[in-house]
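Notes follow once the structure below has been shown.
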Ligand code: AMP
Ligand code: GLY
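Numbering (my numbering), first residue to last: 2 to 427.
Structure below.
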């Protein structure tokens, strides 16, 4: 088989790494990939959201399966486009990916079906927002969310009325997020532990992945602005078996069943971002794709062939794949460019990668990297993902931080407390 992985982050490197281990897979392509994916795949110079170019390439190369990593091509309908010409693409159809593409749709969907989530109101004018904020329905902090995709930046946690008004203004008046911020969700701030609950669905049933959680704020102690994720671990110490069963029963399976009933059959990865509150788990968001960086530690724990799961889901019998996961504790620490998630420089030479390539006990998945004249350079905010798995989380994190000592680039920044106890976000 020939497989095309769409995207160029750490998640896509981890997916390509795992897919390339499948005995059924003869060749892996990554579009656009990064300096790391080059060692196991052929990089193709097509952007992840250029659906027409991807479609043309997949048709020309007779790709058997395309796996789209990021949300943009999925919410833009890559799966529908590929199917129109008989190409297989793993993921939800556009109409189902709206669970991630529109926060308004997701909130109203949960409301209709009593899926536990925070209280919310939807507004499209600053006057309406002000009225709600002044009415006392919500206490502070409050969360202001742009309806559409905003590259992870459209969620603003606001401690005061003034901050909330500014956030609404930035979306509706200043149009900081373009059309994505035309409609805004005002949401109750939820306290608790955040976990990422990830399953693969065939539209009817769901095969859960091992539990995981990421660390979103940029600084140690969960301080500073949210990022795409500065690290992740699997399992999550906060999801025990009874909690796991409860989440499947009250959140994951109702979501899939109700989507089917609403004629939005949900096939692909369903990533439910959850807050484990004192009142029980509450949905923060749905994502229609694998997590980044959660996929990295999850792939280290998957003993089976990932292709078995993806193909079973495509064929409508996801439960037949029966994946085996090891019981180790795995982790991932993101090395970022100084300044991320706001302004940062690119093009810095990365030193030390060769030393880690020789080691079998740590895996480095690349994210924002590119190769030039035999050197690997930084090319994005999140640059590398240093991963390991051991019997205990403590040993895992020790191995990862030890390996990070070998790596260097100008401005390199990473959190020193991944895998340690976390507090609520504010
Ligand atoms: P979202 O894209 O909606 O998941 O928001 C991104 C991040 O913002 C989440 O992963 C949480 O860390 C945080 N967040 C979102 N909604 C809430 C909420 N209602 N209460 C507390 N934190 C939230
Ligand atoms: N790590 C957060 C995400 O993948 O959305």
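We put the beta carbon where it would ideally sit given N, CA and C, even for glycine.
Keep in mind it's a predicted model, so treat the numbers as computed, not measured.
Set against 7 Å, the gap from the CB of residue 195 to the closest heavy atom of the ligand GLY is not smaller.
Taking the Cα positions, residue 355 is about 39 Å away from residue 78.
At a cut-off of 7 Å, the beta-carbon of residue 293 counts as near the ligand GLY: some heavy atom of the ligand is closer than that.
Sequence-distant partners of residue 12 (beyond 5 residues in either direction) whose C-beta falls short of 6 Å from its own C-beta, in its chain, are 70, 291, 293 and 296.
By the neighbour-count definition (other C-beta atoms within 10 Å, threshold 16), residue 342 is a buried residue.
Residue state for residue 150 is assigned as coil, using DSSP reduced to three classes.
Taking 3 residues as the shortest admissible run, the stretch 116-192 contains the following complete beta strand (DSSP E) segments, listed from N- to C-terminal end: 121-124, 143-147, 156-159 and 185-189. Taking 7 Å as the cut-off, the C-beta of residue 227 does not count as close to any heavy atom of the ligand GLY. A residue is called buried once 16 or more other Cβ atoms fall within 10 Å of its Cβ, and residue 56 is buried on that count.
Contact annotation: the stretch 127-138 touches the stretch 161-175, with at least three C-beta pairs closer than 8 Å. Checking the 7 Å criterion, the Cβ of residue 223 is out of range of every heavy atom belonging to the ligand GLY.
Here the alpha carbon of residue 410 sits roughly 15 Å from the alpha carbon of residue 373. At least 8 Å separates the beta-carbon of residue 4 from that of residue 45. Note on residue 241: under 16 other CB atoms within 10 angstroms of its CB, so exposed under the neighbour-count rule. Between residue 380 and residue 391, the C-beta gap is not smaller than 8 Å, which leaves the two residues out of contact. The residues 232, 387, 401, 415 and 419, in chain order, have a CB closer than 6 Å to that of residue 334 in the same chain once the five nearest residues on each side in sequence are set aside.
Residue environment for residue 37: buried (at least 16 other C-beta atoms within 10 angstroms of its C-beta). With contacts defined as CB atoms closer than 8 Å, residue 193 and residue 215 fail to qualify as a contacting pair. For residue 204, the closest alpha carbon among the candidates 262, 111 and 66 is that of 262. Under DSSP, residue 388 takes part in a beta bridge, and its partners are 333 and 364. Counting only the Cα atoms, residue 51 lies some 28 Å from residue 317.
Where residue 290 is concerned, there is no enclosing alpha helix (DSSP H), because DSSP gives it neither an H nor an E. Our two residues, residue 244 and residue 210, have alpha carbons roughly 14 Å apart in a direct line.
Burial is judged here by how many other beta carbons sit within 10 angstroms of a residue's own beta carbon; residue 61 has fewer than 16 and is exposed. Taken atom to atom, the span from the alpha-carbon of residue 90 to that of residue 59 is near 10 Å.
Between residue 191 and residue 225, the alpha-carbon positions lie close to 18 Å from each other.
Contact check for residue 275 against residue 234 fails: the beta carbons are separated by 8 Å or more. For the options 332, 182, 47 and 340, the alpha carbon positioned closest to that of residue 404 is the one of 332. If you compare the alpha carbons of 365, 349, 111 and 26 with that of residue 376, the shortest gap goes to 349. Taking every protein chain shown into account, the CB of residue 140 has fewer than 16 other CB atoms within 10 angstroms, so this residue is exposed. The beta carbon of residue 119 sits no closer than 7 Å to any heavy atom of the ligand GLY. Here the alpha carbons of residue 312 and residue 302 stand approximately 19 Å from one another. Excluding residues up to 5 positions away in sequence, 196, 212, 213 and 214 lie with their Cβ nearer than 7 Å to the Cβ of residue 237 in the same chain. The DSSP-derived three-state label of residue 236 is coil. A Cβ-Cβ contact shorter than 8 Å links residue 289 with residue 72. Sixteen is the threshold: since fewer than 16 other Cβ atoms of the shown chains lie within 10 Å of the Cβ of residue 280, the residue is exposed.
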